[in-house]
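Colleague: Structure in C-alpha cells, see below.
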Amino acid sequence: MERMDFVSECQRVFALNSLACTEAQANLLYDLTVRMLEVNQVMNLTAITDEKGIILRHYVDSVMISRDIPVNSRVLDVGCGAGFPTLPLAIFRPDLQITALDGTAKRIRYVDETAKMLSLSGVSAIAGRAEEYAQKGEYRERFDVVTARAVAALPMLSELCLGFVRVGGVMLAMKSQQAEEEIAAASSCIALCGGKIEQTVTAQLTADGENLEQRTLVFVRKIKNTPQKYPRHFSKISKNPL
Ligand code: SAM
Numbered sequence: 431m432e433r434m435d436f437v438s439e440c441q442r443v444f445a446l447n448s449l450a451c452t453e454a455q456a457n458l459l460y461d462l463t464v465r466m467l468e469v470n471q472v473m474n475l476t477a478i479t480d481e482k483g484i485i486l487r488h489y490v491d492s493v494m495i496s497r498d499i500p501v502n503s504r505v506l507d508v509g510c511g512a513g514f515p516t517l518p519l520a521i522f523r524p525d526l527q528i529t530a531l532d533g534t535a536k537r538i539r540y541v542d543e544t545a546k547m548l549s550l551s552g553v554s555a556i557a558g559r560a561e562e563y564a565q566k567g568e569y570r571e572r573f574d575v576v577t578a579r580a581v582a583a584l585p586m587l588s589e590l591c592l593g594f595v596r597v598g599g600v601m602l603a604m605k606s607q608q609a610e611e612e613i614a615a616a617s618s619c620i621a622l623c624g625g626k627i628e629q630t631v632t633a634q635l636t637a638d639g640e641n642l643e644q645r646t647l648v649f650v651r652k653i654k655n656t657p658q659k660y661p662r663h664f665s666k667i668s669k670n671p672l
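Here it is in C-alpha cells:
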C-alpha cells in the first residue's frame, strides 16, 4: 500500500473503532509498518503481514487501551514481542514513559532500534524474564500501569506482572477472547499477589462495521504489596499455578 492510501485507511479504521488518529500518527504507523515487514523477512516478528490486518489487529488493538492510562504514567509492557502494545501506544501517547520487556533479546533489539528510528523518546527496552526483573528493587512495584498482550493465561500472567505494579496502580491484561474461565481460575493468584479484579471490558474491533473481533481487557487493581516470594521461578509458576 502506498503511504497516502495507508494513512487514509488507518484514519478510516481508527474512526470506525471510535479512536482518533491524526495524519502525523498515521504516518508514523506507516513507517512502523514498512520497518516491521522488512525486518519480518529475516526475524519472526508477526504472522499478520497484510496492511489492513496490521492496522486492525496490531494498531487499533494496541491503541484501544490508550484512554485507560492516566497522563504521564510509568508503563511496563511485559512480553512486548515485536512491540505491541508498546510502539503504537508510544505514538499515540508521547506523555508516557514506557518500558518494553521481553525474554527474547533480538526482538528487544528490534523494538529499541525501531523506537529510536521513529523518535519515540519515551520508550526504553529491556531483554529479560519478567519473573527475574520483578524481583529487582528498581523494577519492583515501580509502575503505574503494567500491560501484557497475548503473553500467558491470566493465573500465570498475574504472578508475572503484579510484582511490578505500585500499590494503587493497575495491571491491564489484553485478551483476544472471552476471559471468564481465566478470570475464575486466576482469582486466588491475583489475591495472593496483592491484586483485585476491578473490571472486565469487552470490545469489538472492526474494519468494515460488520465483521467483529472480540477483545477483552481485564483491569486488576493493586491493593496491597506483593509478598516478596512472588513471582516464583518460572518452572514453579508453570508447574504449580497459584
Ligand atoms: N505482546 C506481543 C504481541 O501482542 O504481539 C507479543 C506476544 S508473544 C505471543 C509473547 C511474548 O511474550 C514473546 O515475545 C515472549 O518472548 C514473551 N514472554 C513470555 N513469557 C515471558 C516472560 N516470563 N518474561 C519475558 N517475556 C516473556
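If you're matching positions, the sequence shown starts at 431 in our numbering and goes up one per residue. Where a beta carbon is used, it is the ideal one built from N, C-alpha and C, also for glycine. Note that this is a predicted model, so its numbers are computed, not measured.
Does the beta-carbon of Gln455 have 16 or more other beta-carbons within 10 angstroms, so that it is buried, or is it exposed?
Modeller: It counts as buried.
Colleague: Taking a cut-off of 5 Å, which residues have a beta-carbon closer than that to any heavy atom of ligand 1, in chain order?
Modeller: Output, sorted by chain position: Gly509, Gly511, Phe514, Asp532, Gly533, Thr534, Arg559, Ala560, Arg579, Ala580 and Val581.
Colleague: Taking the alpha helix (DSSP H) that Thr577 falls in, what are its first and last residues?
Modeller: From DSSP, Thr577 is part of no alpha helix (DSSP H) but of the beta strand (DSSP E) over Phe573 to Arg579.
Colleague: Quick one: is Leu642 buried, meaning 16 or more other Cβ sit within 10 Å of its Cβ, or exposed?
Modeller: So Leu642 ends up on the exposed side.
Colleague: Going by CA-CA distance only, name the one from Arg442, Pro671, Ser554 and Ile485 that's closest to Ser617.
Modeller: When each option's Cα is compared against that of Ser617, the closest is Pro671.
Colleague: Whole angstroms are fine: how far does the CA of Val493 sit from the CA of Ala633?
Modeller: Roughly 13 Å between the two C-alpha positions.
Colleague: Who are the Cβ neighbours of Ala578 in its own chain at under 8 Å, not counting the five residues just before and after it?
Modeller: So the qualifying residues of the chain are Asp507, Val508, Gly509, Leu587, Leu590, Cys591, Met601, Leu602, Ala603 and Met604.
Colleague: Using beta-carbon positions only, say whether Ala560 and Val553 come within less than 9 Å of one another.
Modeller: Result no, Cβ atoms of Ala560 and Val553 do not sit closer than 9 Å.
Colleague: Could you give the distance in angstroms between the alpha-carbon of Gln658 and the alpha-carbon of Ala564?
Modeller: Using only the alpha carbons, I get a separation of about 10 Å.
Colleague: Got a sec, what are the start and stop residues for the alpha helix (DSSP H) Lys546 sits in?
Modeller: Here the alpha helix (DSSP H) through Lys546 covers Ala535 to Met547.
Colleague: DSSP state of Val631, grouped into three classes?
Modeller: The answer is strand: DSSP assigns Val631 an E or B state.
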